[in-house]
Amino acid sequence: MYEYFVKRTGQAIFTAFVVITLSFGLVRLMPGNPADQLRGQLIRNNPDLSQQEINRRVENYINIDYSAPLHEQYLDYVAGILRGDLGRSISQNAPVSEILGQALPWTVFAFSVAILLMFAVGIALGAIMAYQEGTRFDVSTTGIGIVLNSTPNYVTALLFLYVFGFTLGWFPTSGHISSQVVPVVNPLRPVATFQFVADAVYHASLLIAAVVITGFGGVALAMRGNSIQVLGEDYLRVARLRGLSDTRIALRYVARNAILPMYTGLLLAFGGVIGGSAILEQVFTYPGLGYYIVAAVEGRDYPLMMGGFVLITLAVVVGAFIADLTYGLVDPRVTTGGDGS
Amino acid sequence: MSRENSNSVGAFADDRGGFGTVSESSLSRLDRVRRLLDLWIAAPLRVIWNDARARIGTFLVVTFVLVGVVGPWLVAEPRVGQAGLLVGPFQGGIVGGSWYELSSATVAGVSVPWVALNWPLGTDNVGRGILEQVVHATPRMLTMIASAGLFVTVLGTTVGAVSGYVGGNVDQGLSTVVDIVLTLPGLPLLLILVALLQPENPIVLGIILSLQGWAGMARAIRSQVLTLRSTSYVEAARAMGLSTPAIVAKEIVPNIMPFVMINMVNAMRNVIFASVGLYFLGLLPFNKVVNWGVMLQLAYSNGGMLTLDAAHWLIVPMVSIVLLSMGLILFAQGMDRVFNPRVRARHSSTAGDDDEAEDAEFNTPTTSVGGGL
Chain A
1 MYEYFVKRTG
11 QAIFTAFVVI
21 TLSFGLVRLM
31 PGNPADQLRG
41 QLIRNNPDLS
51 QQEINRRVEN
61 YINIDYSAPL
71 HEQYLDYVAG
81 ILRGDLGRSI
91 SQNAPVSEIL
101 GQALPWTVFA
111 FSVAILLMFA
121 VGIALGAIMA
131 YQEGTRFDVS
141 TTGIGIVLNS
151 TPNYVTALLF
161 LYVFGFTLGW
171 FPTSGHISSQ
181 VVPVVNPLRP
191 VATFQFVADA
201 VYHASLLIAA
211 VVITGFGGVA
221 LAMRGNSIQV
231 LGEDYLRVAR
241 LRGLSDTRIA
251 LRYVARNAIL
261 PMYTGLLLAF
271 GGVIGGSAIL
281 EQVFTYPGLG
291 YYIVAAVEGR
301 DYPLMMGGFV
311 LITLAVVVGA
321 FIADLTYGLV
331 DPRVTTGGDG
341 S
Chain B
1 MSRENSNSVG
11 AFADDRGGFG
21 TVSESSLSRL
31 DRVRRLLDLW
41 IAAPLRVIWN
51 DARARIGTFL
61 VVTFVLVGVV
71 GPWLVAEPRV
81 GQAGLLVGPF
91 QGGIVGGSWY
101 ELSSATVAGV
111 SVPWVALNWP
121 LGTDNVGRGI
131 LEQVVHATPR
141 MLTMIASAGL
151 FVTVLGTTVG
161 AVSGYVGGNV
171 DQGLSTVVDI
181 VLTLPGLPLL
191 LILVALLQPE
201 NPIVLGIILS
211 LQGWAGMARA
221 IRSQVLTLRS
231 TSYVEAARAM
241 GLSTPAIVAK
251 EIVPNIMPFV
261 MINMVNAMRN
271 VIFASVGLYF
281 LGLLPFNKVV
291 NWGVMLQLAY
301 SNGGMLTLDA
311 AHWLIVPMVS
321 IVLLSMGLIL
331 FAQGMDRVFN
341 PRVRARHSST
351 AGDDDEAEDA
361 EFNTPTTSVG
371 GGL
């Protein structure tokens, strides 16, 4: 286990390092050199700046001093990121870390709720389908699951926005809270806090619904497959012969063994869905991470773009790292070294 | 059953010397061709025909390929102002409407009755036919999907097979690369790469969008190869002195085909979702290129959300995306059964033991479908 821990930590650090290097390379390879572009922009907007001031500003924005030798540029860039300095956004004219720091909680909130709901619904449904294998319920649910799973979540999002947002007017069509709601999370002011949370959930509900509707089918099908496999195992027959209660068999034997393999899937889903947040947040004009990345790409705002990329990627790398380390807690076979090579 | 049969048929053809005394009766050339045809064409078709999902999937995929290949010739190219603005679908009613016209066309000098379509699915806000746009976007879509599928399959199987077969340091290195690629969140990287490269060519676009897709396949193939390497029948084949290509072709490939199909289709599906999404965000270059994502974007930004008049403009590309990706998934599941030797045996007329495992087919676990985008 110790050896595995060391190896996994090393891998996580190496991945983070690769990501940062990749982002550095991408900035350097950008066509039309972002630094020159920025320099031109600065000269146009403030004609009375001296050359030196402009150079300093450019470095301040993109964290790379183009006059230094390549390896120094790289080391400076990495050091900057490690200090949490991601440069300064051109279009928003604020530090990138600040903008993304404000956006991150919203993305994490909306998508964690969505993914947890998606897995809860999918797992429950998949288990029922497995128990009723071959019935009309199973067949029709499988069909619906495949259809929903073939739908990109932004298509569902557009439909929801059209029907529930614009046509029926039941849900807000943009933003993450209403303008009159004060964002407070304070146990001393329960009413205001409740209002804030309720409003946030209300604003995120269409987005959450879009993720859940398109995602639960895949989870349900996977759970169904796993459960059917477990239901055919010998130890289950033994458990029945021992006269264990049906609930105990269903929860301790079937559910546990069927859900375990999906744990990593859950964490991979986090990465995939948060990565795919860009399109959804754009559709709902929900100012989270993805929204800012798209805005940055559209406005050629390189610092914000690379900052968003680095932040999302590091978040996913850390998530996967935690997942792998905690997998031993969920699945005892890993810690006892059964097949955890 | 039929698979083993095929091996022996093949072995007779290729293996000169060897164990020549297995059978006294030899097949005539015609017989052998007939058997091969039956094995590779008739039996798969029978499997597909007997499975509802495979039937629907094949039908959808074939339809889309037909639309992509023949469609652009049959349907007029969408042009601005070719019809009224925001004409509804099936103008004038499904029956007797003005959206179709019975006329005649001349094929090779003979006049045959023909139905001319006039914007059957309506038009957008500049008067371009919706059906026309969807049809003319299909070839590029299919090219992109095909190139992505090919890229993912080649790279994924190669890396996975090498990693699993060679082992040692090579395996360690390749596995690390695969792990890293798998953890990178796809879309942000794609956003940046696409902004950087501005790919117009559908083949290039397909490859860029599937830059991550191969890793999942490599991992699946690696674990399969690791398992297969040590199975007794592969060892037996090696002990018999069969060449590595022969072992790979006859023992390994049929076993990893389902994994290849599922991963390939998943990668294709992701490429469809990602490309349409990126076109929707307006991040991919398009000037005269029609694409379903561009249609969605235009419909969304030009008030398709606010009025019912433009609903068809929004819904038609959505339906196309869903049908294509559903067709691919169902097709892959159907192929899973085609490659499954137990299912095939039931449908193969030459290998005549039909009583084998009547219900085995129903117990094969359904292939799981991955999560969202």
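Same order as they appear, the protein sequences are chains A and B.
Counting from 1, one number per residue, gives the positions in the first sequence under UniProt numbering.
Counting from 1, one number per residue, gives the positions in the second sequence under UniProt numbering.
Beta carbons are placed, not taken as given, at the ideal position from N, Cα and C, and that holds for glycine.
What you are looking at is a predicted structure, and each value in this text was computed from that prediction instead of being measured.
Buried or exposed (CB count within 10 angstroms, at least 16 for buried), residue i
i, result
"Val316/B", "buried"
"Ile313/A", "Just to set this straight, residue 313/A is Thr in the shown sequence, not Ile. When all chains shown are included, Thr313/A counts as buried."
"Pro202/B", "buried"
"Ser232/B", "exposed"
"Val225/B", "buried"
"Asp234/A", "exposed"
"Asp31/B", "exposed"
"Ala198/A", "exposed"
"Thr285/A", "exposed"
"His71/A", "exposed"
"Gly25/A", "exposed"
"Pro258/B", "buried"
"Ser6/B", "Only weak support is given to the placement of Ser6/B: the predicted model assigns it a pLDDT of 44, under 50, and the question is left unresolved by the model."
"Gln297/B", "buried"
"Met318/B", "buried"
"Gly352/B", "Unreliable positioning characterises Gly352/B in this predicted model, as indicated by a pLDDT of 38, which lies under 50. The coordinate reading is nonetheless provided below. Exposed, by the Cβ-count rule."
"Ile43/A", "exposed"
"Gly10/A", "exposed"
Pair within 7 angstroms by beta-carbon distance, residue i and residue j
i, j, result
"residue 375/B", "Gln133/B", "As shown, chain B starts at 1 and ends at 373. That puts residue 375/B outside it, with no answer to give."
"Ser23/A", "Val297/A", "no"
"Met261/B", "Ala332/B", "yes"
"Tyr154/A", "Val283/A", "yes"
"Val159/B", "Ala246/B", "no"
"Val58/A", "Arg39/A", "yes"
"Ala258/A", "Ser227/A", "yes"
"Gly275/A", "Leu187/B", "yes"
"Phe119/A", "Leu325/A", "no"
"Val178/B", "Ala215/B", "yes"
"Ile321/B", "Val271/B", "no"
"Pro287/A", "Ala157/A", "no"
"Val152/B", "Ala267/B", "yes"
Through-space distance from residue j to residue i, alpha-carbon basis
i, j, result
"Leu242/B", "Val248/B", "10 angstroms"
"Ala357/B", "Arg8/A", "Confidence at Ala357/B is low in this model, with a pLDDT of 35, below 50, so the placement of that residue is unreliable and no value is reported for it."
"Pro172/A", "His203/A", "6 angstroms"
"Arg56/A", "Pro285/B", "34 angstroms"
"Arg224/A", "Leu125/A", "8 angstroms"
"Val61/B", "Ala146/B", "12 angstroms"
"Met335/B", "Ala42/B", "14 angstroms"
"Val121/A", "Leu323/B", "24 angstroms"
"Ile180/B", "Pro152/A", "25 angstroms"
"Phe14/A", "Val219/A", "31 angstroms"
"Val70/B", "Ala137/B", "13 angstroms"
"Val273/A", "Thr244/B", "42 angstroms"
"Gly328/A", "Ser174/A", "41 angstroms"
"Gly213/B", "Ser245/A", "44 angstroms"
"Ala114/A", "Glu98/A", "25 angstroms"
Of the residues the options, the one placed nearest residue i, counting alpha carbons only
i, options, result
"Pro95/A", "Met306/A, Phe321/A, Gly319/A, Val316/A", "Met306/A"
"Ile322/A", "Val191/A, Leu29/A, Phe270/A, Glu72/A", "Phe270/A"
"Leu328/B", "Tyr300/B, Val33/B, Val47/B, Val65/B", "Val65/B"
"Val234/B", "Val253/B, Leu209/B, Pro139/B, Ala220/B", "Val253/B"
"Ser140/A", "Asp38/B, Arg53/B, Thr244/B", "Arg53/B"
"Pro303/A", "Gln51/A, Phe17/A, Ser91/A", "Ser91/A"
"Glu77/B", "Val162/B, Val135/B, Trp292/B", "Val135/B"
"Thr107/A", "Trp170/A, Ile293/A, Asp48/A", "Ile293/A"
"Phe111/A", "Leu49/A, Asp48/A, His176/A", "His176/A"
Amino acids of chain B, ordered along the chain, whose beta-carbon sits closer than 7 angstroms to that of residue i
i, result
"Val317/A", "Thr183"
"Gln282/A", "Leu281"
"Tyr154/A", "Gly277, Phe280"
Chain-ordered chain B contacts of residue i [CB-CB under 9 angstroms]
i, result
"Ser150/A", "Arg269, Ile321, Val322, Leu323, Leu324, Ser325, Met326, Gly327, Leu328, Ile329, Leu330, Val369"
"Gln92/A", "In chain order: nothing, as chain B lies at least about 17 angstroms away."
Contacts of residue i in chain B (Cβ-Cβ under 8 angstroms)
i, result
"Phe160/A", "Simply none; closest approach about 11 angstroms."
"Val294/A", "Leu191, Leu281, Leu283"
Beta-carbon neighbours of residue i, restricted to chain A and to distances below 7 angstroms
i, result
"Tyr300/B", "Leu158"
Contacts that residue i makes with chain A (C-beta to C-beta distance below 8 angstroms)
i, result
"Ile192/B", "Leu26, Val297, Met305, Met306, Phe309"
"Phe59/B", "Residues of chain A passing the Cβ test: none, with the nearest at roughly 15 angstroms."
"Asp179/B", "Gln11, Thr15"
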